[in-house]
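First up is the structure itself, then whatever we jot down about it.
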Amino acid sequence: MKHDNRRRSDNNRFDHERLRFAIRASGLYTGLFARRIGLSDSEPLYEVLTGQAPLTPALARRIHACYPQIDLEWLMTGLVGDAEPPAAGQSDV
Numbered sequence: 071m072k073h074d075n076r077r078r079s080d081n082n083r084f085d086h087e088r089l090r091f092a093i094r095a096s097g098l099y100t101g102l103f104a105r106r107i108g109l110s111d112s113e114p115l116y117e118v119l120t121g122q123a124p125l126t127p128a129l130a131r132r133i134h135a136c137y138p139q140i141d142l143e144w145l146m147t148g149l150v151g152d153a154e155p156p157a158a159g160q161s162d163v
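Going by this note's numbering, the letters in the sequence shown line up with residues 71 to 163, in that order.
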């Protein structure tokens, strides 16, 4: 099993973009998406979307469990495989 914090510190500034992508890809609004992934309310999602909190490994795993087509490594780090992180000022989505 991979270590959950692998490369997170370099790329968590884009957590909100990856979460927004996952929500849009689901076709659901944020509140319904929260319920779909097993959250009782959407506050943790809004905290990530507004940059107040990082996308935690536990939250990423919840999303991936419901939407396995969204790569877990990408969701947690913004990277797929051995890809390099984006240059400063560039989005990873």
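Glycine included, each C-beta is placed from N, C-alpha and C at the ideal position. All figures in this text were calculated on a predicted structure; none of them were measured in a lab.
Contact set for residue i: own chain, Cβ-Cβ below 6 Å, skip 5 residues either direction
i: residue 79; result: Residue confidence for residue 79 is low, a pLDDT of 43 falling below 50, so the modelled location carries little weight and cannot support an answer.
i: residue 96; result: 103
With 16 other Cβ atoms within 10 Å as the buried cut-off, status of residue i
i: residue 147; result: buried
i: residue 76; result: Note on residue 76: pLDDT 44, under 50, position unreliable in the model; the coordinate value appears next. Classification for residue 76: exposed.
i: residue 85; result: buried
Distance CB(residue i)-CB(residue j) smaller than 7 Å
i: residue 125; j: residue 118; result: yes
Own chain, CB closer than 8 Å to residue i, minus 5 neighbours either side, in chain order
i: residue 193; result: Since the first residue shown for the chain is 71 and the last is 163, residue 193 is missing from the structure and cannot be characterised.
i: residue 138; result: none
Nonlocal neighbours in the same chain, by C-beta distance under 7 Å from residue i, ignoring five residues either side
i: residue 93; result: 100, 103
i: residue 89; result: 115, 118, 119, 125
Length-filtered (4 minimum) alpha helix (DSSP H) runs lying within the stretch 88–147: Within the stretch 88–147, the complete alpha helix (DSSP H) runs of at least 4 residues are 100–106, 113–119, 127–136, 142–147.
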